[in-house]
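Engineer: So that we are looking at the same thing, I have put the structure below in structure tokens.
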């Protein structure tokens with residue numbers, strides 16, 4: 005039982021670091037989980053992970069601004085110079101600049117994978 009709780013705890017702790025649309029719900033679930041296991045332990049762990057969760061939430065909200073500017077239904081084709089294509093190109097450039105700034109403050113290898121992933125989305 006203790007091993008199971010430790011495993012669940014590790015999964016939650018890893019998940020709340022990822023800036024996704026579900027990070028707030030994950031935090032609530034993690035809070036409930038920790039408080040159901042031990043209120044005393046929960047207080048310390050939650051205070052330790054609260055800033056990390058807040059960071060993930062902030063990065064998600066900032067990233068979402070850039071992602072929302074992209075028309076995901078627009079095909080990657082040779083440019084004809086239209087205004088819409090120009091706006092799409094600028095939106096991608098803004099997202100790439102954001103990702104290159106490593107807003108998650110992750111290690112260089114993970115940041116490079118994130119940037120590569122973003123470039124792959126463009127094409």
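Numbering (our numbering), first residue to last: 5 to 127.
C-beta: ideal position from N, C-alpha, C; glycine also.
Are at least three pairs of beta-carbons, each pair with one atom in the region 39-53 and one in the region 80-90, less than 8 Å apart?
Structural biologist: no
Engineer: Hey, would you say residue 103 sits closer than 7 Å to residue 122, going by beta carbons?
Structural biologist: Numbered from 1 along the chain shown, position 99 holds the residue referred to as residue 103. Numbered from 1 along the chain shown, position 118 holds the residue referred to as residue 122. It is a contact, given that the beta carbons lie within the stated cut-off.
Engineer: Taking the beta carbon of residue 4 as the centre, do at least 16 other beta carbons fall within 10 Å, making it buried, or is it exposed?
Structural biologist: Here the chain covers residues 5 to 127 and nothing more, so residue 4 does not appear.
Engineer: Report, in whole angstroms, the separation of the C-beta atoms of residue 99 and residue 71, which I expect to be a contact under 8 Å.
Structural biologist: Mapped onto the chain shown, residue 99 falls at position 95. Mapped onto the chain shown, residue 71 falls at position 67. Between residue 71 and residue 99 the Cβ distance is about 7 Å, and since that is below 8 Å, they are a contact.
Engineer: Using a Cβ-Cβ cutoff of less than 6 Å, which residues in the same chain neighbour residue 107 once the five nearest sequence positions on both sides are dropped?
Structural biologist: The residue labelled residue 107 in the question sits at position 103 within the chain shown. Result list for residue 107: 63, in chain order.
Engineer: By the 10 Å Cβ neighbour count, where 16 or more other Cβ atoms means buried, how is residue 53 classified, buried or exposed?
Structural biologist: Taking the first residue of the chain shown as position 1, residue 53 is located at position 49. Its Cβ being crowded by 16 or more others within 10 Å, residue 53 is buried.
Engineer: In terms of residue numbering, what span does the alpha helix (DSSP H) encompassing residue 13 cover?
Structural biologist: The count along the chain shown starts at 1 and reaches residue 13 at position 9. Unbroken alpha helix (DSSP H) run through residue 13: 6-19.
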